[in-house]
Amino acid sequence: MPARRIALLRGINVGGGKKVPMAQLRELVEGLGHTAVRTYVQSGNVVFTAADPDAAAAEVGEGIERAIAAAFGFDVLVTIRTRDELAAVIAADPFAGVADHPSRYHVLFLAEAGDPRRLEELDRAAYEPERFALRGRELYLWTPEGLGRSKLAQALSERRLGVAATARNWRTVTTLLALADAAE
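So the sequence shown is numbered by this note's numbering: it starts at -1 and just counts up by one.
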């Protein structure tokens, strides 16, 4: 199977703005020459086979960003991971056996590798039982009471991280891998 890619769009279809219908998003991605395009939930997750399997992730993401801006009139951050990168995110799960509720366990996909020094000043004990772990371009976040009530999630802002990010819950992460593995 050709290398599959996953596009994670940040901030669409939440609240009142940045509406992107999934059927139109699929058509837009197909219009860029990508194939076997599938979307998952309304929050902007696209699984596809890249038109150019050797294209850099940033190039693919920027192409989708430009197409969304042209079609919908607003900017959206698009973060790209390969199927194998997503599988590695799941395999590296630092909270296996602890995070027992997939909708309260999140992965923040960072646009570039995070700097662990930016997180050193956080008093982890002050946020327990919430936990986080930075692994390269992903930050794992366990919020047993939910993301909306999480003080740790508020503390882990993009400003503190120093890099743009988009979050997905564990159920979405594992479903995206299953979609990437599904026969075209």
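Glycine included, C-beta positions come from ideal geometry on N, C-alpha and C. Computed from a predicted structure; not experimentally measured.
How about residue i and residue j: are their beta carbons less than 9 Å apart?
i: Phe107; j: Ala165; result: yes
i: Leu159; j: Leu84; result: no
i: Ala178; j: Ile4; result: yes
i: Arg135; j: Pro92; result: no
i: Val35; j: Val45; result: yes
i: Ala53; j: Ala109; result: no
i: Asn167; j: Tyr125; result: no
i: Ile88; j: Thr172; result: yes
i: Leu117; j: Ile62; result: no
i: Arg81; j: Arg169; result: no
i: Pro142; j: Glu128; result: yes
i: Arg24; j: Thr37; result: yes
i: Val161; j: Gly112; result: yes
Helix, strand or coil, according to DSSP, for residue i in the structure here?
i: Glu143; result: coil
i: Leu150; result: helix
i: Glu60; result: helix
i: Glu83; result: helix
i: Phe70; result: helix
i: Glu136; result: strand
i: Ala55; result: helix
i: Ala176; result: helix
i: Ile10; result: coil
i: Ala131; result: strand
i: Ala165; result: strand
i: Ala1; result: coil
What does a CB cutoff of less than 7 Å around residue i pick up in its chain, not counting 5 residues either side in sequence?
i: Phe130; result: Leu137, Tyr138, Leu139, Leu150 and Leu154
Go through its chain and collect everything with a Cβ distance to residue i's Cβ below 6 Å, but skip five positions before and after it.
i: Asp73; result: Ala67
i: Gly42; result: Leu7 and Ile10
i: Glu28; result: Val35
The segment 96 to 103 in contact with the segment 9 to 26 per 3-pair CB rule at 8 Å: no
In chain order, each beta strand (DSSP E) run of at least 3 residues that lies wholly inside the segment 92 to 119: 103 to 108
For the segment 19 to 53, which segments carrying the beta strand (DSSP E) assignment without a break, of at least 3 residues, lie completely within its bounds, in sequence order? 33 to 38 and 43 to 47
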